[in-house]
């Protein structure tokens, strides 16, 4: 059964860093995969996990950028993969499985936010394709390695969602904006809700195999590539940058540094506080409460003052429905 969606009183908080979260934890002998692990909070997640002793593999779309970012990091390697290209996802997973290694930690970190309308080769909208379907396929293909780690002591899958899930539930009858006007924020919100629902259903299916799954909001971190499609004036309206264009750092409003932004990902991946738990959405290094049903506006700074997850994003029936839809869209069973 999924754990209760209620805080557990973690000793960490909004201002904690990934280094603080992993302090004292030895990951020697563990293997991790971190998508998007060569920029922003993904890179910090890779650095911290490897620093604690884990062997970390980073799937990369831009090989030159990845080689530069990952240079000098011990126990870190990379291999090509594009989340919008199903064949490349399969090839990455097949190469990993051929190594015979168990997979202890999978951090599905990569994502896009509010881009202009684009579609993959199948015609699927790019945010839903990248943020959800690509990770659904990757996780499914890596399942034998996750199950092997689960049997040997436990495996964890970490889904990077966002408070932006509040902008939209999954619109099951038109996930790809074929019959409604495209809105980049509705697309982003839908994909982030999908991340939460996926973790919920994956945890239900994986618990008996020792595989637990978590989703999370990392915080608003301006100094990453995720906001490359946003106009600076919008970021100012959101209170994320000041009049000089510099990031505003205020963890109490979920405006974080990169080390703070990676903390909840790492907490979900390694914290003993979560042993025997799963299927929950986390924020500020703790399990988040259910959020009140209030209107959400991406440009409203007040949105950042509240925490929690919308009830529609932790609905078990919606999670099962998304799983079935994802199988249909990817051709996976």
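In my numbering, the protein residues as written are 7 to 339.
Backbone N, C-alpha and C fix where the C-beta goes; we use that ideal spot for every residue, glycine too.
When C-alpha distances from residue 175 are compared across 286, 315 and 255, the shortest belongs to 315. Distance from the CA atom of residue 67 to the CA atom of residue 41, rounded to whole angstroms, is 10 Å. Less than 8 Å separates the beta-carbon of residue 215 from that of residue 157.
Rounded to the nearest angstrom, the gap between the Cα atoms of residue 109 and residue 249 is 45 Å. Residue 165 is bridged by DSSP to 114 and 221.
Residue 288 sits in a strand when the DSSP states are folded into three classes. Pairwise C-beta distances place the segment 36-51 out of contact with the segment 118-131, as fewer than three of them are shorter than 8 Å. In the three-state reduction of the DSSP assignment, residue 52 falls in the helix class. Secondary-structure assignment with DSSP links residue 256 through a beta bridge to 261. At a Cβ-Cβ threshold of 8 Å, residue 194 and residue 173 count as neighbours. Look at residue 193 here: in three-state DSSP terms it is helix.
Comparing alpha carbon positions, the residue from 196, 90 and 140 closest to residue 324 is 196.
Between the alpha carbons of residue 211 and residue 263 lies a distance of about 34 Å. Taking each of 145, 177, 13 and 179 in turn and checking the Cα distance to residue 339, the smallest one comes out for 145.
The residue among 228, 171 and 31 with its C-alpha nearest the C-alpha of residue 299 is 171. Ranking 334, 49, 294 and 111 by CA distance to the CA of residue 75 puts 49 first. Out of 333, 225, 163 and 101, the CA that lies nearest to the CA of residue 269 is found in 225.
In the assembly as shown, residue 53 is a buried residue. Its beta-carbon has 16 or more other beta-carbons within 10 Å. For the 8 Å CB-CB criterion, residue 60 and residue 80 do not form a contact. The same chain holds no residue with a CB closer than 8 Å to that of residue 29 once the five nearest residues on each side in sequence are set aside.
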